[in-house]
Amino acid sequence: MNPPRPRHAAGAQSQSRLRRATQGWLAAQALLLAACAGAGGGAGRSGELPAFYTPAPAELAGPPGSIIRHEALPGLVVPEGTAYRLLYRSTDPRDRPIAVSAVLVVPAAPAPAGGRPVVAWDHPTSGVVRRCAPSLSPDVPKTIQGLADLIARGYAVVATDYPGLGTPGPHPYLTGASEGRAVLDAVRAAHAFAPAQAGTRFVVWGHSQGGHASLFAAALAQDYAPELQLQGVAVAAPATRLRALLHTVPGTTMNASMVAMLLHSWSRVLGASLADMVPEADIPHVERLAATCIPPPWSGAEQPVLEPDPDLSFTILQDIAAIPPWGPFVTANTPGALPPAIPVFLAQGEADTTIAPALTAAYMSRLCAAGSWVRMVTLPGVDHRFIAREAAPLAARWIGDRFAGRPAPDDCPPPVR
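Using numbering that gives the first Met the number 0, you'd call the opening residue of the sequence shown number 0 and step up by one each time.
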C-alpha cells in the first residue's frame, strides 16, 4: 500500500402525489414480478427457499467466518473455475451470531505459494426479502462484474448475499456495520474453505449498495478482521450520502423501489413506524414495492418507468434525517473517509440518475482531504445499471496492481501546503 499522504410536512397535495405514484406502481407490479421470476430463476425466487439457507439455532455457534455447510454448484457455467454455495457464520452489529450465504468461485489453475488472493464482490441492490438473494439465481456468475477476468488472474472470488437475503431476515439494507461484517466474514469463509486454497490478502469490489458495503468493510477491517490483509477497495457508483440520495432520486420505478426497500428494511431494523415517513394509508403500497426483487440489467427485464414527477411522493415526504430514530441511523450508515493507507478505485457513470456524479465527486474530495490515494474513472454515457460492468476491466487491472504490490495511482489534486 502507499503511505498516507497529508492533505491540507407532507400535506394533502403530497399525499395525492404518493397515491398517484403508487397506483402507477400497482399497475406495474405484474411486469415487475414477472421480470424478477425470469431473471432470478431457481426455487428461491419462485417458491420455497432451499433448506440450505435456514440454519438450526445450534449451527450458529462458532467463530465468524467459519462454514456451516457448503455445496458445489455444477450447473453454473464458470469458465476455468468451480463454483460453490457457502453458508457461513457472521455477527450482527450487536455481536449476535447470524448465518449469511455466499457464492465462492475458485480458479482451476493451481494456487500460488501463500494462497490465492481473494476478491470480495459486493452486489448492488437486488431486494430486501429472502428470495432476492443473488446466490439463488442459476445466472449468479453474470451478476459478479469482471468475474472471468478475476478468475483468469488466479483470484478466488467470494460474493456474499448480505444478511437476510437467502438467510432469515430482516435484511439490513444500506446498514454499514452489518453489511461490512458480512463481507469480511465472507473473506474469512473463503480462506477457511480448503478447496479454495485462499490466502488472507483481499480486495473488496462493489457496486451501488455493494459499494456502500465495500466502504464499510474497508473501514471495519482492521478492528473486526485484523488477521486479513486488505490491499484496496474498488467501488462503482457507491451509495455515499444517504440523506442526499433519498431527496434527489427522480421519478422512476427503480429509484422509488430503492426508497421503499430502505423504509421497509430500516423500520424493521430500528423497530420504527413507517407512519413517521409516509401516510398510513399508503404503507401497504410501500410494503408491496419492497417485496419485489430488482432484475439485474443483463436479464433484459427492464423495470417500467413512471411519468417523471419531481415531487415523487414518499421519496421526499419528510426530511428523514430530522426524525428520530431515523436521523441518527442515516448519519451512522453514511460512509466516511477511509484510513489513508487504503488505496481506492472509484468509478462513476456520467449518465447516472440514481447516484449523481456530484455525490461521487464529493466523496472523492473527502477521501483526498483525508490523505487517501484515489484512482477516479468517469465514463461518459454510462448509467447506474451498467457502470460496474463497464468499469470492470479497469477495476480488475487496478486490483491486479494492488496484489502485485505496485504503487497506487492517485488522481487527487496536489496537497495544499
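Heads up, the beta-carbon is just placed ideally off N, CA and C, and yes, glycines get one too.
On a predicted model such as this, the values are computed, not experimentally measured, just so you know.
Count the other CB atoms within 10 Å of the CB of residue i; is the residue buried (16 or more) or exposed (fewer)?
i: alanine 423; result: Not covered by the structure: residue 423. The range shown for the chain is 0 to 416.
i: glutamate 417; result: Outside the displayed range of the chain (0 to 416) lies residue 417, so it cannot be described from this structure.
i: serine 272; result: exposed
i: glutamine 221; result: exposed
i: valine 76; result: exposed
i: threonine 142; result: buried
i: alanine 55; result: exposed
i: threonine 330; result: exposed
i: leucine 305; result: For leucine 305, the pLDDT reaches just 38, beneath the cut-off of 50, and the residue's location in the model is therefore unreliable, leaving the point undetermined.
i: aspartate 94; result: exposed
i: glycine 348; result: buried
i: aspartate 121; result: buried
i: arginine 401; result: buried
i: proline 294; result: buried
i: alanine 357; result: exposed
i: proline 123; result: buried
i: proline 414; result: exposed
i: glycine 126; result: buried
i: glycine 74; result: exposed
i: aspartate 184; result: buried
i: aspartate 281; result: buried
i: proline 342; result: buried
i: alanine 197; result: buried
i: aspartate 410; result: exposed
i: threonine 314; result: For threonine 314, the pLDDT reaches just 47, beneath the cut-off of 50, and the residue's location in the model is therefore unreliable, leaving the point undetermined.
i: arginine 396; result: exposed
DSSP three-state call for residue i: helix, strand or coil?
i: proline 116; result: strand
i: threonine 53; result: coil
i: alanine 166; result: Reading the sequence as shown, one finds threonine at residue 166 and not alanine. Looking at threonine 166 - three-state DSSP - the assignment turns out to be coil, as it is neither helix nor strand.
i: phenylalanine 402; result: helix
i: threonine 159; result: strand
i: arginine 152; result: coil
i: isoleucine 143; result: coil
i: serine 266; result: helix
i: tyrosine 223; result: helix
i: methionine 276; result: coil
i: glutamate 47; result: coil
i: glycine 443; result: Since the first residue of the chain shown is 0 and the last is 416, residue 443 is not available in this structure.
i: leucine 173; result: coil
i: isoleucine 293; result: coil
i: proline 414; result: coil
i: arginine 240; result: coil
i: serine 256; result: helix
i: aspartate 318; result: coil
i: alanine 407; result: coil
i: alanine 391; result: helix
i: alanine 271; result: coil
i: proline 283; result: helix
Where DSSP assigns a beta bridge to residue i, which residues make up the other side?
i: histidine 206; result: Ala235
i: leucine 229; result: Phe201
Taking 8 Å as the CB-CB cut-off, is residue i touching chain C?
i: threonine 330; result: No chain C appears in the structure shown, which is made up of a single protein chain.
Candidates the options: which alpha carbon is nearest residue i's?
i: valine 99; options: Leu261, Pro49, Ile67; result: Ile67
i: glutamate 389; options: Ala350, Ser371, Cys411; result: Ala350
i: tyrosine 154; options: Val105, Asp91, Tyr172; result: Val105
i: leucine 65; options: Ala193, Leu378, Leu214; result: Reading the sequence as shown, one finds serine at residue 65 and not leucine. Cα-wise, what sits closest to serine 65 is Ala193.
i: histidine 206; options: Ala233, Tyr52, Ala82; result: Ala233
i: arginine 130; options: Pro109, Val186, His170, Ala216; result: His170
i: alanine 346; options: Ile97, Ala387, Pro111; result: Ala387
i: leucine 173; options: Ala151, Arg242, Leu358; result: Arg242
i: proline 78; options: Pro49, Ile97, Ala108; result: Ala108
i: threonine 239; options: Ser364, Pro408, Pro62, Gly399; result: Ser364
i: aspartate 91; options: Pro167, Arg287, Gly370, Cys411; result: Pro167
i: valine 258; options: Ala280, Ala290, Leu229; result: Ala290
i: alanine 60; options: Ile97, Leu269, Gly175; result: Ile97
i: glutamate 286; options: Met260, Ala181, Ile150; result: Met260
i: valine 139; options: Ala195, Arg187, Leu72; result: Leu72
i: glutamate 47; options: Glu279, Val128, Gly80; result: Val128
i: glutamate 352; options: Gly380, Met375, Pro339; result: Reading off the sequence, residue 352 comes out as threonine, not glutamate. It is Gly380 whose Cα lies nearest to the Cα of threonine 352.
i: alanine 57; options: Arg396, Glu70, Arg88; result: Arg88
i: proline 116; options: Phe215, Met375, Arg200; result: Arg200
i: phenylalanine 151; options: Gly80, Arg187, Gln196; result: At residue 151 the sequence reads alanine, which differs from the phenylalanine that was named. Ranking the options by Cα distance to alanine 151, first place goes to Gly80.
i: leucine 288; options: Tyr362, Ala321, Leu164, Ser256; result: Ser256
i: leucine 393; options: Glu70, His284, Phe344; result: Phe344
i: alanine 189; options: Pro237, Gly165, Ala119, Ala368; result: Ala119
Quiz item: Along the chain, which unbroken stretches of the beta strand (DSSP E) at least 3 residues long are found entirely within the stretch 57-137?
Solution: 66-71, 80-90, 96-106, 115-121
Exercise. Any chance you could list the alpha helix (DSSP H) runs of at least 4 consecutive residues sitting entirely within the stretch 175-219, in chain order?
Key: 175-191
Exercise. Let me know the alpha helix (DSSP H) ranges lying completely inside the stretch 337-385, each 4 residues or longer, listed in chain order.
Key: 356-368
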